[in-house]
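Protein chains: 2
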Amino acid sequence: MAAQTILFDFTLDAGKTATAIQRQEVARIVRNELEHVFSQLELAYSMESMDNGYFSVLHENKETIITCRIFQQGLLTINVEYYLADGKEPIMSFDTGRRLENAIATKLNALSGQKIPTLKRGDVARYYPSADERIIEYDIDTLVYEARSPFQKIQIMHSKTLGNMLILDELQNIAESDLIYTETLMGRGIENYEGKEICILGGGDGALLYELLKENPKHVVMLEIDELVMQACNKYLNTICGDVLEKRKTDQYEIIVGDCVDYMKKFIAEGRKFDYVFGDLTDIPISDAPIGECWDFIRTIFEHSFQLLKPDGKYLTHGNGTSCLESLQLFEDQLRLLKPKVKFTTTKAFVPSFMEEWLFYQVTFA
Amino acid sequence: MAAQTILFDFTLDAGKTATAIQRQEVARIVRNELEHVFSQLELAYSMESMDNGYFSVLHENKETIITCRIFQQGLLTINVEYYLADGKEPIMSFDTGRRLENAIATKLNALSGQKIPTLKRGDVARYYPSADERIIEYDIDTLVYEARSPFQKIQIMHSKTLGNMLILDELQNIAESDLIYTETLMGRGIENYEGKEICILGGGDGALLYELLKENPKHVVMLEIDELVMQACNKYLNTICGDVLEKRKTDQYEIIVGDCVDYMKKFIAEGRKFDYVFGDLTDIPISDAPIGECWDFIRTIFEHSFQLLKPDGKYLTHGNGTSCLESLQLFEDQLRLLKPKVKFTTTKAFVPSFMEEWLFYQVTFA
Chain A
1 MAAQTILFDF TLDAGKTATA IQRQEVARIV RNELEHVFSQ LELAYSMESM
51 DNGYFSVLHE NKETIITCRI FQQGLLTINV EYYLADGKEP IMSFDTGRRL
101 ENAIATKLNA LSGQKIPTLK RGDVARYYPS ADERIIEYDI DTLVYEARSP
151 FQKIQIMHSK TLGNMLILDE LQNIAESDLI YTETLMGRGI ENYEGKEICI
201 LGGGDGALLY ELLKENPKHV VMLEIDELVM QACNKYLNTI CGDVLEKRKT
251 DQYEIIVGDC VDYMKKFIAE GRKFDYVFGD LTDIPISDAP IGECWDFIRT
301 IFEHSFQLLK PDGKYLTHGN GTSCLESLQL FEDQLRLLKP KVKFTTTKAF
351 VPSFMEEWLF YQVTFA
Chain B
1 MAAQTILFDF TLDAGKTATA IQRQEVARIV RNELEHVFSQ LELAYSMESM
51 DNGYFSVLHE NKETIITCRI FQQGLLTINV EYYLADGKEP IMSFDTGRRL
101 ENAIATKLNA LSGQKIPTLK RGDVARYYPS ADERIIEYDI DTLVYEARSP
151 FQKIQIMHSK TLGNMLILDE LQNIAESDLI YTETLMGRGI ENYEGKEICI
201 LGGGDGALLY ELLKENPKHV VMLEIDELVM QACNKYLNTI CGDVLEKRKT
251 DQYEIIVGDC VDYMKKFIAE GRKFDYVFGD LTDIPISDAP IGECWDFIRT
301 IFEHSFQLLK PDGKYLTHGN GTSCLESLQL FEDQLRLLKP KVKFTTTKAF
351 VPSFMEEWLF YQVTFA
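Take a look at the structure:
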């Protein structure tokens with residue numbers, strides 16, 4: 001079951017869409033070209049407003065519905081939407097769409113035009129953003145699991161090339177393809193975890209815990225807020241988390257389900273210290289705080305983490321996509337605000353399921 | 001200048017959208033949730049049809065226009081569109097959109113829901129399809145060049161990470177980042193071009209010619225139909241084509257502007273033979289032929305190419321994305337139809353600007 005949404009947009013000389021009469025003329029030309037593809041086209045509704053331009057709804061048999069919007073600034077958008085039953089051919093093929101785009105652009109003498117590749121809606125969710133908010137369409141064929149915990153929306157989707165993927169609140173977190181993510185985060189081959197005491201903040205997918213345990217640490221404690229994430233990963237992401245989420249406590253590790261800040265405070269009060277603290281939380285704090293307070297949250301995590309570290313301890317965490325220069329800068333600004341002072345190095349890796357290169361931080365006392 | 005289009009879709013139990021009354025109730029709930037974000041929301045238009053469900057247009061000050069469509073099969077799509085002036089904050093942030101998605105899904109008890117990452121329309125074209133028709137959003141910051149030749153729409157776009165990209169009729173062809181494409185196509189380090197006679201079919205971006213000339217062939221003839229493509233690449237893709245498109249004829253090479261099939265026929269009639277023929281044409285023939293005839297065109301190219309090859313000659317070409325199994329199978333079927341019989345090997349490379357792995361073919365007489 002899926003709807004197809006096909007979006008076109010055209011940049012016109014603003015002189016051609018400044019008045020209502022001009023916009024009517026553009027709309028007439030568009031309708032004429034659409035009729036070459038949709039012969040039964042009818043106008044259902046139109047609206048004109050002084051400041052905001054022209055908007056109309058056209059349809060063919062009420063099946064294909066087309067909205068056309070002309071902005072006075074010289075922008076024309078056309079949205080075509082229809083229901084595509086399983087096994088049926090699309091009403092508008094890539095080639096038909098391309099011809100229509102070309103015909104409209106030519107007739108309107110457009111400065112530029114584009115047909116956005118057809119969006120498929122309603123069968124499986126497949127569109128997620130990259131770190132720099134570009135749309136990524138994954139080759140997802142199955143929704144494996146979907147639930148809403150008290151903290152977030154949890155999805156496990158199956159990608160043909162990346163395996164099962166964990167998606168939290170519409171953001172891709174980790175996939176079966178992403179051992180490189182965990183190995184870069186932990187600095188495999190660089191750091192020596194043997195006999196060390198380790199604290200993981202977050203890490204609910206279990207991948208970091210699983211990989212760390214292979215390196216014979218003395219003990220690992222993991223602070224994860226969302227029980228449901230762990231249940232989902234334990235069931236569907238065994239490739240990357242093995243069986244570590246099966247138990248909550250062994251001689252080697254303990255998983256505590258709760259707010260990591262509360263437990264960090266408890267550890268600090270107890271005077272507990274670690275060789276390594278891992279920041280493996282989702283990018284955005286799980287709370288109702290406005291996005292701007294995100295940096296306060298991150299700094300709180302930093303401050304508490306460094307109180308938990310031995311003098312030669314290390315704080316290891318992911319940063320962001322390497323293309324997100326502004327966000328990385330803000331992240332480093334937070335590090336520079338810390339007292340006592342810290343210093344850091346970075347590593348990077350192309351993470352398959354992120355479809356981009358990410359930066360990782362290794363932070364120590366200066 | 002840009003419009004923002006934000007698409008939501010929800011899969012509902014089909015039992016909840018089967019009748020007009022049920023759809024009205026879904027629409028009422030959706031409107032109620034939308035009003036939490038858009039407090040001035042008004043209903044402009046609605047349409048109900050027996051078979052195809054419910055469609056409505058809502059708006060806030062005629063600035064933000066929202067269409068809501070409820071398909072009787074249990075699919076709900078919501079499209080939000082508004083004009084975002086330069087430097088203004090988006091009306092709907094990632095977080096607001098995510099909360100709205102969550103609220104609607106919860107209220108409707110949806111089986112699944114998604115907010116598609118915001119689409120930016122009208123500033124620069126940035127959405128192009130992968131070989132398997134997934135949408136790719138490039139980090140394009142400038143439209144460098146756009147023109148429509150008698151054969152196709154030609155765009156040079158600048159990507160922050162990939163450099164200048166050549167896009168023909170909405171399909172990404174080659175970027176400054178893609179030396180690996182040309183090197184894999186020509187089998188650099190495997191094939192020996194010294195003193196050889198070579199024919200390139202297509203290749204208007206000049207990259208293949210440029211790289212081949214570095215290997216001291218006896219002579220290269222290139223058959224390219226579109227003069228305007230070569231002018232654009234000569235001006236904006238020097239990184240990959242050097243200065244080879246500056247001249248049409250030297251002692252080492254000749255560029256003939258025309259239909260390659262016509263010139264292949266001429267060469268066959270003259271008894272001209274080559275050590276290598278390269279199929280470096282765009283995927284889809286430049287003609288008004290329906291897409292189904294594409295394979296006939298490809299076979300025609302094969303047949304003529306092999307008539308131009310010396311007995312130990314090679315035909316080298318790209319295939320398709322490695323995920324396009326069906327298309328690759330059809331391609332190989334065409335090769336198997338050839339007489340005299342041919343055999344082939346393949347190589348593959350991840351092409352940066354394609355954002356996927358591609359397969360390349362090396363074909364010889366069996």
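Chains A and B, in that order, give the protein sequences. The first sequence begins at 1 in the UniProt record's numbering and counts up one residue at a time. The second sequence begins at 1 in the UniProt record's numbering and counts up one residue at a time. Ideal Cβ placement from N, Cα and C applies to all residues, glycine included.
Paired residues, beta bridge with residue i - DSSP
i	result
A/K265	BP columns for A/K265 are empty, so no partner.
A/K115	A/F8
A/S159	A/I140, A/G163
A/D259	In DSSP, A/D259 forms no bridge with anything.
B/L76	B/F10, B/I70
B/H59	B/E42, B/I65
A/P129	A/I135
B/E81	B/T5, B/I65
Of the listed residues the options, nearest to residue i (C-alpha basis)
i	options	result
A/H219	A/F274, A/T364, A/Q114	A/F274
A/C68	B/F71, B/Q73, B/E60, B/Y82	B/Y82
B/I65	B/P340, B/D51, B/E42, B/C324	B/E42
B/K249	B/C260, B/K266, B/L223	B/L223
B/L34	B/M264, B/A105, B/F71, B/N52	B/A105
residue 423 of chain A	A/L213, A/R134, A/K107, A/F10	Here chain A comprises residues numbered 1 to 366, so residue 423 of chain A is not present and cannot be evaluated.
B/I116	B/N109, B/L108, B/D95	B/D95
B/V342	B/A366, B/N320, B/Y45, B/V351	B/A366
B/D178	B/L75, B/F267, B/A349	B/A349
B/E246	B/I6, B/F267, B/V261, B/G206	B/G206
B/I140	B/Y128, B/A18, B/D132	B/Y128
A/V80	A/C324, A/T5, A/I156	A/T5
B/A93	B/L119, B/E326, B/L108, B/S112	The sequence shown places Ser at residue 93 of chain B, rather than the Ala named in the question. If we check each option's Cα against that of B/S93, B/L119 comes out closest.
Integer-rounded CB distance, given that residue j should sit under 8 Å from residue i
i	j	result
B/D226	B/Q152	7 Å
A/T300	A/L359	With a Cβ gap of about 21 Å, A/T300 and A/L359 do not count as contacting.
A/Y276	A/K314	5 Å
B/A147	B/S159	No, B/A147 and B/S159 are not in contact; Cβ-Cβ is about 19 Å, not under 8 Å.
A/M47	B/A44	6 Å
B/N173	B/L166	5 Å
Any chain A beta carbon closer than 8 Å to residue i
i	result
B/E133	yes
B/R69	yes
B/M92	no
B/Y145	no
B/I286	The pLDDT assigned to B/I286 is 48, lower than 50, so where the model puts this residue is not dependable; a value taken from the coordinates is nonetheless given after this. Cβ-Cβ to chain A under 8 Å: no for B/I286.
B/A44	yes
B/Q22	no
B/S323	yes
B/I65	yes
B/P352	no
B/E33	no
B/P150	no
B/I29	no
B/Q114	yes
CB contact check: residue i to chain B, cutoff 8 Å
i	result
A/M186	no
A/M355	yes
A/T142	no
A/M165	no
A/N192	no
A/I6	no
A/D13	no
A/M157	no
A/P311	no
Short Cβ contact (8 Å threshold) for residue i with residue j
i	j	result
B/L330	B/M264	no
A/Y236	A/Y138	no
A/V229	A/I154	yes
A/A2	A/R121	yes
A/V26	A/I70	yes
B/L76	B/D9	yes
A/C233	A/G195	no
A/G279	A/L201	yes
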